[in-house]
Amino acid sequence: MTDRSRLHAAFELTALRLGQPVLGPMISRGQFDRIAEHVREVLAASRMLPDEDKDLLSKALDDDSARKEFAIALNGLLHGKRSMEERFGHWMGVLSRHGLATWPIATIWPFLLHPQRYFPIFPAVFNGQLTDAEATVAPGAAPDWSGYVASQRLAHQLRKARAMDSLLDLYQALTVAARQ
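In my numbering, the protein residues as written are 25 to 204.
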């Protein structure tokens, strides 16, 4: 299976396991263990998170209170009715409380559910492929709202400037270039 096919399968799996028709009702029923299983399943299918982030997230999902908070905040981030800024701020608060505040963990989920709209931020990959002018708006070390907005804007500009059809194309181009 190609990387592209694998990611498309991960997008479909994310919609099935973490989409609004599924995630909200599971939270209402208190099925946080099941949500954690779904999160792990999506991560395994996507193969996007670095090992250290996978380990951090796995440890957090093993803790009852962290698992519950993570699930509720993830639902809010992906399906909430508040502004994205408010949802992202709440999401980052939960991630920070549980030692999960990394760019990949913070930004992978919107990309997996809406790959046409959002871009995942992996600073080593993203920042390493930018020109000097582009690097002036690159995300900082710790995820925050202003860095997220700037990185999303930059990702959309890069996609257009490089004549790419989608943010998935940009993600793949940047990850391939970073491996070389």
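From the three backbone atoms N, C-alpha and C, an ideal C-beta is built for every residue, glycine too.
Next item on the list: Classify residue 115 as buried or exposed, calling it buried when 16 or more other Cβ atoms lie within 10 Å of its own Cβ.
Entry: With 16 or more Cβ atoms within 10 Å of its Cβ, residue 115 is classed as buried.
Notebook entry, point to check: Should residue 275 go down as buried or exposed, given a rule of 16 or more other Cβ atoms within 10 Å for buried?
Noted result: Any answer about residue 275 is impossible in this case: the structure gives the chain only from 25 up to 204.
Next item on the list: Assign residue 167 to one of two classes, buried (16 or more other C-beta atoms within 10 Å of its C-beta) or exposed (fewer than that).
Entry: Under this definition residue 167 is a buried residue.
Notebook entry, point to check: Using DSSP with H/G/I as helix, E/B as strand and the rest coil, what is residue 130?
Noted result: Correct three-state label for residue 130: helix.
Check: Taking Cβ positions, are residue 37 and residue 69 nearer each other than 9 Å?
Finding: Between residue 37 and residue 69, the C-beta gap is smaller than 9 Å, which places the two residues in contact.
Next item on the list: Return the CA-CA distance between residue 33 and residue 67, expressed in angstroms with no decimal places.
Entry: In a straight line, the C-alpha of residue 33 is about 11 Å away from that of residue 67.
Margin query: For a test of the three-state rule: what should DSSP assign to residue 172, helix, strand or coil?
Written below: Correct three-state label for residue 172: helix.
Check: Skipping 5 residues on each side, what residues in its chain have a beta carbon closer than 8 Å to that of residue 48?
Finding: 99 and 103, listed in sequence order.
Margin query: Less than 8 Å between C-beta atoms, sequence neighbours within five positions excluded: which residues of the same chain meet that for residue 40?
Written below: Taken in chain order, the residues that qualify are 46.
Checklist line | Boundaries (first-last residue) of the alpha helix (DSSP H) holding residue 80 | finding: Where residue 80 is concerned, the enclosing alpha helix (DSSP H) stretches over 75–85.
Next item on the list: Could you pull the start and end residues of the alpha helix (DSSP H) that residue 25 belongs to?
Entry: Annotation for residue 25: no alpha helix (DSSP H) segment contains it, and DSSP assigns it neither H nor E.
Next item on the list: Please determine, among 183, 51, 201 and 76, the residue with the shortest C-alpha to C-alpha distance to residue 94.
Entry: Of 183, 51, 201 and 76, the residue nearest in Cα terms is 51.
Notebook entry, point to check: When you compare each of 44, 55, 138 and 178 to residue 105 by their alpha carbons, which one comes out closest?
Noted result: Nearest option by C-alpha distance: 44.
Check: Is the beta carbon of residue 137 less than 9 Å from the beta carbon of residue 130?
Finding: No; because the gap between Cβ atoms is not below 9 Å, this pair is not in contact.
Item checked: Cα-Cα separation between residue 139 and residue 193, rounded to whole angstroms -> Separation of residue 139 and residue 193 (C-alpha to C-alpha, rounded to the nearest whole angstrom) is 10 Å.
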